[in-house]
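So the sequences go chain by chain: X and L.
1 is the number of the first residue of the first sequence in the numbering used here; add one for each residue after it.
1001 is the number of the first residue of the second sequence in the numbering used here; add one for each residue after it.
Report on the structure given below.
2 protein chains.
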Amino acid sequence: MSNPILVEVTRGSRVESRHRGSVAVVDAAGGIVHALGDVAAPVFPRSAIKVMQALPLIESGAADRYGFGDKELSLACASHSGEEGHVALAADLLRRAGLDERALECGCHWPSDSSAARALARQGRTPGPLHNNCSGKHTGFLCTAVAMGEATAGYIGAEHPVQARAKAAMEDLTGTSFGEDLSGIDGCSIPTYAAPLQSFAQGFAKLVSGTGVSAERAAAGQRLIAACVAEPWYMAGTGRACVALIEAGAGRVFVKTGAEGVFCGAVPELGLGFALKIDDGAGRAAEISTAATLAQIFRDRDPEMASRYDGLAQKTLKNWNGMVVGELRAAKA
Amino acid sequence: MSNPILVEVTRGSRVESRHRGSVAVVDAAGGIVHALGDVAAPVFPRSAIKVMQALPLIESGAADRYGFGDKELSLACASHSGEEGHVALAADLLRRAGLDERALECGCHWPSDSSAARALARQGRTPGPLHNNCSGKHTGFLCTAVAMGEATAGYIGAEHPVQARAKAAMEDLTGTSFGEDLSGIDGCSIPTYAAPLQSFAQGFAKLVSGTGVSAERAAAGQRLIAACVAEPWYMAGTGRACVALIEAGAGRVFVKTGAEGVFCGAVPELGLGFALKIDDGAGRAAEISTAATLAQIFRDRDPEMASRYDGLAQKTLKNWNGMVVGELRAAKA
Chain X
1 MSNPILVEVT RGSRVESRHR GSVAVVDAAG GIVHALGDVA APVFPRSAIK
51 VMQALPLIES GAADRYGFGD KELSLACASH SGEEGHVALA ADLLRRAGLD
101 ERALECGCHW PSDSSAARAL ARQGRTPGPL HNNCSGKHTG FLCTAVAMGE
151 ATAGYIGAEH PVQARAKAAM EDLTGTSFGE DLSGIDGCSI PTYAAPLQSF
201 AQGFAKLVSG TGVSAERAAA GQRLIAACVA EPWYMAGTGR ACVALIEAGA
251 GRVFVKTGAE GVFCGAVPEL GLGFALKIDD GAGRAAEIST AATLAQIFRD
301 RDPEMASRYD GLAQKTLKNW NGMVVGELRA AKA
Chain L
1001 MSNPILVEVT RGSRVESRHR GSVAVVDAAG GIVHALGDVA APVFPRSAIK
1051 VMQALPLIES GAADRYGFGD KELSLACASH SGEEGHVALA ADLLRRAGLD
1101 ERALECGCHW PSDSSAARAL ARQGRTPGPL HNNCSGKHTG FLCTAVAMGE
1151 ATAGYIGAEH PVQARAKAAM EDLTGTSFGE DLSGIDGCSI PTYAAPLQSF
1201 AQGFAKLVSG TGVSAERAAA GQRLIAACVA EPWYMAGTGR ACVALIEAGA
1251 GRVFVKTGAE GVFCGAVPEL GLGFALKIDD GAGRAAEIST AATLAQIFRD
1301 RDPEMASRYD GLAQKTLKNW NGMVVGELRA AKA
C-alpha cells in the first residue's frame, strides 16, 4: 500500500506535482496520537536526530568543559548553511578544544546557502570543512573525544567511541537494535541508522517528558532542545524552514530537518515527539508537512498556534518575474 | 490508483527514497508501445516541449533570416546552464535581430550551473536575463517577432502572436484544445499548457515520422531535433543529463528535460516519441527514468544501445569524502 499524498504543488488551477509520505506523532509510552501512512517501516533519519547524536557531548561533560552555551549547543545539532557566523563559531569551538579545522573529517562542500557560496567565491575563496553543513556536529564529536582523552583521528568510524556512544543513545531512545541491515553512511561520513518513524518520534517524546529514559539523558536532551529553540539560526541559517518553524512556536516547539525529506521534532509541554518522511526525499514537502503536523497537534489545544502553522503549511510560488504561478500546500486529509 | 515506483534511491542495503511516475512511448498514430502508470491525465510539460514552441521560429523563416545553424537552433530549444557559451550565443542572436538583452522578458536568475554562478560572482558580476536558462528560447521568440514585423514588447503574453503560434503548434501536435483549465504560467513567464503524456509522446512521434502533421511542420521539427542532437551542450550544459542521454544515442536519440520531473524525447528511426513525468517533480528521478525508458525501447532491437542506457539508468551516490553511500536506480518493473 502506498503512503498518502501529504503535499501538493499547484500551477494555475491544476496540481502539478504530488508528494507522498508518512507522519508519526507519539507520546513517551509509544502511544500514537496521530499518524499518516506507514510509521513502522525503518527510515534513515539523517540529520533530523542530531540532538540524539549530541547527547554524549553533554553527558561526557565536554560541553561544560569547553563553555558551550545555547549558540554552541545549537551549532552542535546543526545542518547549517555555511554562513560566516556558523563557520566562525565552529572554528572557535575547535580552538577551545586545542584543535583546528584539520581535525574535521566531514569533507568539504560549498555552503548550501547560495548567497554564502557566492560571497565566498567573490572573495576568491573555496570552501573548507568548516563550511560543511555538519561541521558543528563534528566539532561536538571532536570536543567530546578530546574531553574523554580519545584519539580524534578516525572519529567518524562506526567503531570509534564517539560513534559508539551516539549509536547507544539512539538505540536507547528508539528501542531499536541497529544491525547491519539498518546501517548506512551519511553525507558527512558518519554512520546513520534506520528505525521506524514512530520510534524516533517516541525517542523525542521520552527526552522532552523525561519518561522512559535516565534523568541524566533527559536533562541533556532538554538542554540541547532548549538551546536549539533559543538559537535556531545556529542550527540552520538565514531564511531556513527550521528557523521559521521554531520561531512560530515562540519557544514551545522544536523541529530539525534531515536530508531526503525527513523532519523530527517535539512539543515539550505536551510530552509529544514527531517524525515524518517524504517518500521521495523532497525537502520542500517535508517543510510543508512539518507545519501541517504542528497545526494538527495544536488544532484543538491552541487555535492561534494552529493558525500560525497553517500559514506555514502553504507557500505561494512565484516565477523569475515575481508572477504568482502556483502554490505548495498541505494536501487535504 | 497511484502510479508505480519508477526510481529508487538506496543507502547501505536499504531503499531510502522512492519516486513514482508515469511513462508513455507512443507512435504517430497514438498507438501505445509501452506505458507505465496513468498516461491520460493532463501534465504540464514545462520545458520538455521547447522544440514544439520553437517550430514557428523555422516556419516563419526567421531562423534562416538570422542565420540559425545547429548551435543556434539547439539554444532556441534550451534550458541551458547559463555558462559563458550559452550567454554569448544568445546575445549574438539578439544582435542579429537588432535587439539586445533588454528585450528579454524572461526574468533574471543566477546560472543553474553552480560553477558558472560562482564564476560570475568571482568576477563581481550579477546575472542578467541572458543567464536565465530560457534565454535561448526567448531569443528565438524575439527573432520570430522581428521577422514577422510584430511588436517585441509583451511577447511573453498569451495573446501575443508569438505565444499564439506556439500554442497552435502544441495543439496541432497533441490534438488537445487548451482551455483555461489546462493553462498555467511557466517559470520564464510564458504560458504552459497541460496535456496527457501520451499526447506529448504522440506529438514527437508525428514530428519525427512526418505522419499526421504537415510536411512543413515535420521538416521544421526534424531540423530542430537534429540540431539538438548534433549540439546538445547548447540546449543544456556541462555535465547535464540531457547531454549524456543524447550522446549515448550516437545521433539516434533526442531527449529534453522540463521542470518538475518531466522528460520528452523521440527515436526518429523508429518513429516513436515518449514523455514521462515523475509525480513528485524530481529531476534526478526523471533522468534515471528516461534512461530506463530508452533502454526498454532498444532492448530487443539493439542490445548495445540498451546496454548503454541501462548504464545511465543507475548512478552511484558518493558523499563529500567520496565514499559510496548508495545509488539511484530504475526500479524493477
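Note that beta-carbon positions come from the ideal geometry of N, C-alpha and C, so glycine has one too.
1. Checking contacts by CB at 8 Å: is X/Val-39 closer than that to chain L?
2. Taking Cβ-Cβ distances shorter than 8 Å, what residues in chain L pair up with X/Ile-288?
3. What would DSSP say about X/Ala-412, mapped onto helix, strand or coil?
4. Would you decide whether L/Gly-1082 is buried or exposed? Buried here means 16 or more other CB atoms lie within 10 Å of its CB.
5. Check this for me: beta carbons of L/Gly-1012 and L/Gly-1326, under 8 Å apart or not?
6. How long is the line joining the alpha carbons of X/His-80 and X/Leu-197, rounded to whole angstroms?
7. Buried or exposed for X/Lys-32, please, with buried defined as at least 16 other CB atoms from any protein chain shown within 10 angstroms of its CB.
8. Look at L/Ala-1284 and L/Val-1267 and say whether their C-beta atoms are less than 8 Å apart.
9. L/Phe-1044 by DSSP, collapsed to three states: which one?
10. Quick check: is any heavy atom of the ligand MN less than 7 Å from the C-beta of L/Ile-1297?
11. Between L/Ala-1164, L/Ser-1189, L/Ala-1195 and L/Glu-1159, which has its C-alpha nearest L/Thr-1176's C-alpha?
12. Sorted by chain position, which residues of the same chain lie with C-beta nearer than 8 Å to L/Gln-1222's C-beta, five sequence neighbours on each side aside?
13. Is the Cβ-Cβ distance between L/Pro-1111 and L/His-1131 less than 8 Å?
14. Under 8 Å, Cβ to Cβ, is there at least one residue of chain X near L/Arg-1102?
15. Taking DSSP as the reference, what is the three-state secondary structure of L/His-1019?
16. Suppose you measure from the CA of L/Phe-1141 to the CA of L/Phe-1200; what does that come to, to the nearest Å?
17. Could you name the residues of the same chain whose beta carbon sits closer than 6 Å to that of X/Leu-73, not counting the 5 residues immediately before and after it, in chain order?
18. Closer than 7 Å by beta-carbon distance: list the chain L residues that pair up with X/Glu-84, in chain order.
19. Give the interface partners of X/Ala-117 over in chain L, defined as CB-CB distance under 9 Å, in chain order.
20. Output the distance between the C-alpha atoms of L/Ala-1145 and L/Gly-1128, rounded to the nearest integer angstrom.
21. X/Ala-282 versus chain L: which residues are under 8 Å apart at the beta carbon?
22. Could you tell me whether the segment 282-296 of chain X touches the segment 241-250 of chain X, where touching means 3 or more Cβ pairs closer than 8 Å?
23. Got a sec: is the Cβ-Cβ distance from X/Met-323 to anything in chain L below 8 Å?
24. Closest to X/Thr-43 by CA distance: which of X/Leu-6, X/Ser-22, X/Leu-57 and X/Ile-58 is it?
25. State the Cα-Cα distance for the pair X/Ala-259 and X/Arg-46, rounded to the nearest angstrom.
26. Roughly how many angstroms lie between the CA atoms of L/Tyr-1193 and L/Lys-1277, to the nearest whole one?
27. Counting only beta-carbon separations shorter than 8 Å, does L/His-1344 have a partner in chain X?
28. Of the residues that make up the segment 158-188 of chain X, which ones have a beta carbon closer than 9 Å to any beta carbon in chain L?
29. Using beta carbons (cut-off 8 Å, strictly below), is X/His-131 in contact with chain L?
30. Listing by chain order, which chain X residues have their CB less than 8 Å from the CB of L/Val-1009?
31. Quick check: what's the CA-CA separation for L/Arg-1014 versus L/Ile-1185?
32. Would the beta-carbon of X/Cys-188 fall within 8 Å of that of X/Cys-106?
33. For X/Glu-171, which residues in the same chain have their Cβ closer than 7 Å to its Cβ, ignoring the five residues on either side in sequence?
34. Name the chain L residues that come within less than 8 Å of X/Arg-14, Cβ to Cβ?
35. When burial is assigned at 16 or more other CB atoms within 10 Å of the CB, is X/Ser-17 buried or exposed?
36. Report yes if the CB atom of X/Phe-274 is closer than 8 Å to the CB atom of X/Ala-24, and no otherwise.
Reading it off the structure:
1. no
2. Contact note: X/Ile-288 does not reach chain L at a C-beta cutoff of 8 Å; the least C-beta distance is about 13 Å.
3. Outside the displayed range of chain X (1 to 333) lies residue 412 of chain X, so it cannot be described from this structure.
4. buried
5. Yes, the pair counts as a contact, with Cβ atoms nearer than the cut-off.
6. 23 Å
7. The amino acid at residue 32 of chain X is misidentified as Lys; the sequence shows Ile. Sixteen is the threshold: since fewer than 16 other Cβ atoms of the shown chains lie within 10 Å of the Cβ of X/Ile-32, the residue is exposed.
8. Note that residue 1284 of chain L is Arg in the sequence shown here, rather than Ala. No. Outside cutoff.
9. coil
10. Absence of the ligand MN from the depicted structure is noted, as is the absence of any ligand whatsoever, leaving it without description.
11. Comparing Cα-Cα distances from L/Thr-1176 to each of L/Ala-1164, L/Ser-1189, L/Ala-1195 and L/Glu-1159, the minimum goes to L/Ala-1195.
12. Leu-1207, Val-1208, Gly-1210 and Pro-1268
13. yes
14. no
15. strand
16. 21 Å
17. Leu-224 and Ala-227
18. Those do not exist, as X/Glu-84 stays about 15 Å from chain L at its closest Cβ, beyond 7 Å.
19. Ser-1114, Ala-1117, Arg-1118 and Ala-1121
20. 22 Å
21. Asp-1280, Gly-1281 and Ala-1282
22. yes
23. X/Met-323 counts as touching chain L.
24. The amino acid at residue 43 of chain X is misidentified as Thr; the sequence shows Val. Ranking the options by Cα distance to X/Val-43, first place goes to X/Ser-22.
25. 6 Å
26. Answer to the nearest angstrom: the Cα atoms are 15 Å apart.
27. Outside the modelled stretch of chain L, which goes from 1001 to 1333, sits residue 1344 of chain L, for which no answer is possible.
28. Glu-180, Asp-181, Leu-182, Ser-183, Gly-184, Ile-185, Asp-186, Gly-187 and Cys-188
29. no
30. Glu-260 and Gly-281
31. 39 Å
32. yes
33. Ser-177 and Phe-178
34. Chain-ordered, the chain L residues with CB closer than 8 Å to the CB of X/Arg-14 read Pro-1042, Phe-1044, Asp-1181, Leu-1182, Gly-1184 and Ala-1194.
35. Per the 10 Å Cβ criterion, buried.
36. yes
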